[in-house]
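Protein chains in written order, with this note's numbering: chain X, 1 to 201; chain Y, 202 to 402.
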DNA sequence: TCAAATGTAGCACGACTGTGCTATAAAAGG
DNA sequence: CCTTTTATAGCACAGTCGTGCTACATTTGA
């Protein structure tokens, strides 16, 4: 007795089942069987929506990227670059459960993308998006004497590092700690580049 | 016709076979069979050195941690904290093949540690080690008005973020780019904390 | 009303996995 | 020289895996 459900909703439900399995048991346990069971469907039914496992996985990762992109795009585009930067960065950090979930799933797939060409394309897309975003934020913020591209790379690395740490040690790298570090960094970006005194003799 | 080899060397060889399989095919393909084949041994022989797969994996990760720890410890302990910081950080970044390998293996295991308690203990050990190292470096560097713990967290996140990026995009985040970003960051740490001007009205 | 399309379920096959087990050859030690 | 230990190899079992396939119920559309 099949229910009548928009297939797009079913696909979302299945992708969310992938997320739950990945977070609870790890990506290596996200088999077709386990995901189908998690979603309360049969294997055959799952394969009606996704012709192969890699299609399912690709879609589950795609949903992470799209979700983040949409949330950032929905942010009020304030004229003040400092407020906008603060808002965008607060949106990118894993500060609540929803974003913690996305972050953990993203990390799991990022690792697998090291050896999976199909996932790698998506991972690179996310990387490029975030790097471009950092470029935009930095451009409106940096003080004199700073290299925009290097500052974008630095902010980007800081963000991804904080995300990894938040996943690894949520007890140490708490939301408040993440916010404080990012606030420090933003404040610093606005300062002029200090020319280096030579190493004291 | 068994060769006469120090069993500790065999264990190292097997761990290095794990590394190669992990880098080439991914952690999910580091099965007992594949690792044994990679090392040129039989499954039975591998299991003579490692009673279980998790013991093999644990040892392979342990070797990463110990290797990094030993290389940092072997660094000439210069009196100047700035030179020492530069040296230590250059040692921690994945700038050559050996460290690129360690870094990729570390990332793969870090991801799996999210759902594997045994690996998690090792991962946390690495995390704590690096955080403590950052604390030490920052203490000797920071300018007035800075919070040492927050700066340690920031440097730590920056390092891990750069490591992730170097693994993901070695073409973009080249060794030179990594060095430049870290140099910028170190120079900045020495500057005094700029008190924030309030957001302009 | 009846045929086509759609959603759901389940089975079967071949492949791969970790581990327990036995067999055998070489080395070590008396 | 002979026994014990060590190293290596290989097989067998039970389990999981992805996928192709069939069967059936429900909905849709003419």
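Every residue gets a Cβ at the ideal spot worked out from N, C-alpha and C, and that includes glycine.
{"Query": "Those runs of the alpha helix (DSSP H) which lie wholly inside the segment 224 to 301 of chain Y and span at least 4 residues", "Result": "233 to 240, 244 to 250, 254 to 274 and 282 to 293"}
{"Query": "Within chain X, partners of residue 259 of chain Y - CB distance below 7 Å", "Result": "Near residue 259 of chain Y there are no residues of chain X at all, since even the closest Cβ is about 16 Å away, more than 7 Å."}
{"Query": "Candidates Y:369, Y:375, Y:353 and Y:388: closest to residue 172 of chain X by CA position", "Result": "Y:353"}
{"Query": "Contacts that residue 177 of chain X makes with chain Y (C-beta to C-beta distance below 7 Å)", "Result": "354"}
{"Query": "Length of the line joining the Cα atoms of residue 201 of chain X and residue 283 of chain Y", "Result": "With a pLDDT of 35 at residue 201 of chain X, under the threshold of 50, the predicted position of this residue should be treated as unreliable, and no value is reported."}
{"Query": "Cβ-based neighbour list, residue 29 of chain X, same chain, cut-off 7 Å, excluding 5 preceding and 5 following", "Result": "21"}
{"Query": "Burial state of residue 240 of chain Y, where buried means 16 or more other Cβ atoms lie within 10 Å", "Result": "buried"}
{"Query": "Pairwise C-alpha distance: residue 85 of chain X and residue 217 of chain Y", "Result": "44 Å"}
{"Query": "Per-residue DSSP class, three states only, for residue 185 of chain X", "Result": "helix"}
{"Query": "Under 9 Å by beta carbon: chain X residues contacting residue 229 of chain Y", "Result": "27, 28, 112 and 115"}
{"Query": "Nearest-angstrom beta carbon gap, residue 182 of chain X and residue 89 of chain X [assumed within contact, 8 Å]", "Result": "5 Å"}
{"Query": "Buried or exposed by the 16-neighbour rule on C-beta atoms within 10 Å, applied to residue 9 of chain X", "Result": "exposed"}
{"Query": "C-alpha distance - residue 193 of chain X paired with residue 344 of chain Y, whole-angstrom precision", "Result": "14 Å"}
{"Query": "Residue 213 of chain X (DSSP reduced to helix, strand or coil)", "Result": "Past the edges of chain X, shown from 1 to 201, lies residue 213 of chain X, and the structure says nothing about it."}
{"Query": "Local conformation of residue 140 of chain X per DSSP, three classes", "Result": "coil"}
{"Query": "Burial state of residue 356 of chain Y, where buried means 16 or more other Cβ atoms lie within 10 Å", "Result": "buried"}
{"Query": "Of the listed residues X:31, X:102, X:133 and X:19, nearest to residue 167 of chain X (C-alpha basis)", "Result": "X:102"}
{"Query": "Chain-ordered neighbours of residue 219 of chain Y on chain X, where CB pairs are closer than 9 Å", "Result": "In chain order: nothing, as chain X lies at least about 14 Å away."}
{"Query": "Cβ-based burial, residue 206 of chain Y [other Cβ within 10 Å; buried from 16]", "Result": "exposed"}
{"Query": "Residue 399 of chain Y in three-state terms, based on DSSP", "Result": "In this predicted model, residue 399 of chain Y has a pLDDT of only 45, less than 50, meaning its place in the structure is not dependable; the value taken from the coordinates is given anyway. DSSP places residue 399 of chain Y in coil when its eight states are reduced to three."}
{"Query": "Contact set between residue 139 of chain X and chain Y, taken where Cβ atoms lie within less than 8 Å", "Result": "The premise fails here: residue 139 of chain X is roughly 17 Å from chain Y at the closest Cβ pair, so nothing lies under 8 Å."}
{"Query": "Burial state of residue 43 of chain X (16 or more Cβ within 10 Å)", "Result": "exposed"}
{"Query": "CB contact below 7 Å: residue 306 of chain Y versus chain X", "Result": "no"}
{"Query": "Outcome for residue 14 of chain X when other beta-carbon atoms lying within 10 angstroms are tallied against a minimum of 16", "Result": "buried"}
{"Query": "Interface residues of chain X facing residue 370 of chain Y [CB-CB closer than 8 Å]", "Result": "124 and 127"}
{"Query": "Secondary structure of residue 314 of chain Y, DSSP reduced to three states", "Result": "helix"}
{"Query": "Minimum Cβ-Cβ distance from residue 265 of chain Y to chain X less than 7 Å", "Result": "no"}
{"Query": "Contacts around residue 305 of chain Y, its chain only, beta-carbon distance under 7 Å, and the 5 residues preceding and following it disregarded", "Result": "224 and 368"}
{"Query": "Residue 132 of chain X to residue 94 of chain X span [Cα, whole Å]", "Result": "19 Å"}
{"Query": "Pair within 7 Å by beta-carbon distance, residue 362 of chain Y and residue 160 of chain X", "Result": "yes"}
{"Query": "Nonlocal neighbours in the same chain, by C-beta distance under 8 Å from residue 249 of chain Y, ignoring five residues either side", "Result": "none"}
{"Query": "Coarse secondary structure for residue 206 of chain Y, derived from DSSP in three states", "Result": "coil"}
{"Query": "Members of the segment 82 to 97 of chain X near chain Y, C-beta cut-off 7 Å", "Result": "82 and 83"}
{"Query": "Cβ-Cβ distance between residue 314 of chain Y and residue 324 of chain Y below 7 Å", "Result": "yes"}
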